[in-house]
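See structure below.
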Amino acid sequence: MDKRITDFVTNIKDDTGSLLKNEIGTFLGWAIDETDLLAKEQKEEFEKYMLQLSLGEITPKDLQMYMRSFQRQVQAELLEAGIAKDAAGQRLLNGIQDLILGNLLKVL
Amino acid sequence: MNKLKLSVVLAAILTLHGCGIFSPVSYYDSTTYRNLTELKVYTSFLYDSFMEDSVDQKDIKYVKIRLMQTLEYEKEKGIPNEKTTKQIQLIIDDFKDYVANRLEQGKWNQTQRDNAVTNINILFDIAISSELKKNKEE
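Chains X and P are the protein sequences, given in the same order. For the first sequence, our numbering begins at 104 and goes up steadily by one. For the second sequence, our numbering begins at 30 and goes up steadily by one.
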């Protein structure tokens, strides 16, 4: 992972006393099955956005919006496939939204 | 059942099938393909303009109307076309989200513009690819 992302996460002032930093660290270090292309793409995109956020190129609200786009893209893909494939991708997406964004936006 | 009755029943089934009543299939539609490819270009150009100081409400309204027209066109095809209708609804939801972001947060930088174009294009590409995969002969 890019050091600028880890530095950014480390420097977040989490006055709520939550374990947010640990959660993000664990999440970004989560091993993805290389054959699961959708989950792999989502993780790469999330890391790209985290880097952009750390560089001040996007805002926390932008990040939240991009996550909603992810969700729509997964929905569109699932409609196309006609089956509930990429369960891991869907879990990753839910993880990004529930675990990270809900808390991350409170402290940024 | 005698042969005459069987023939009448078969003829009725074939007629109804010809009318599409028994057919759950949505066929390729060149109008849908054209609408999607044109709108993909329009939205990209509109998002380019979001890097400027002011926003042209007429341009936003035009793209929004074209998207809604496309949605209505797809809805009219009924249940067999539900997948495409839902995919276009997702495009519209995404478009509205990004327009609201621009109006609320002010002009975009190059990164924000690139992210926006990439994300809406992914949705358009899924819908376009989906249309192209449909059976071309009715």
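We put the beta carbon where it would ideally sit given N, CA and C, even for glycine.
Check, Outcome
"Residues from the segment 138-162 of chain X in contact with chain P, defined by Cβ distance under 7 Å", "Q155, E160, I161, T162"
"Classification of E133 of chain P by the beta-carbon crowding that lies within 10 angstroms, buried from 16 upward", "exposed"
"Cα-Cα separation, S172 of chain X to F111 of chain X", "24 Å"
"Alpha-carbon to alpha-carbon, L182 of chain X and F149 of chain X", "23 Å"
"Euclidean distance between Cα positions of E144 of chain X and S157 of chain X", "20 Å"
"Burial state of V70 of chain P, where buried means 16 or more other Cβ atoms lie within 10 Å", "exposed"
"Pick from P:T114, P:N110, P:L96 that is closest to Y56 of chain P, judged by C-alpha positions", "P:N110"
"I94 of chain P, buried or exposed, once every other Cβ within 10 Å from all chains shown has been counted against 16", "exposed"
"Where T162 of chain X sits in the DSSP three-state scheme", "coil"
"contact_flag[the segment 145-162 of chain P, the segment 81-96 of chain P] where n(CB pairs < 8 Å) is 3 or more", "no"
"Beta-carbon proximity list for E152 of chain P, same chain, < 8 Å, skipping 5 on both sides", "The displayed chain sequence assigns Leu, not Glu, to residue 152 of chain P. Result list for L152 of chain P: Q116, L119, I120, D123, in chain order."
"First and last residue of the uninterrupted alpha helix (DSSP H) at N64 of chain P", "59-78"
"Alpha-carbon spacing of K106 of chain X relative to D85 of chain P, whole angstroms", "40 Å"
"I50 of chain P in three-state terms, based on DSSP", "Here the model assigns I50 of chain P a pLDDT of 47, short of 50, so the residue's position is not dependable and the matter cannot be decided."
"Within 9 Å, strictly: CB atoms of T140 of chain P and E147 of chain X", "no"
"Short CB-CB distance (under 9 Å) between D165 of chain X and chain P", "yes"
"Assumed close pair T113 of chain P, E67 of chain P - CB separation to whole angstroms, cut-off 8 Å", "That belief does not hold up - the Cβ atoms of T113 of chain P and E67 of chain P are roughly 16 Å apart, past 8 Å."
"Beta carbon proximity, Y127 of chain P to chain X, threshold 9 Å", "yes"
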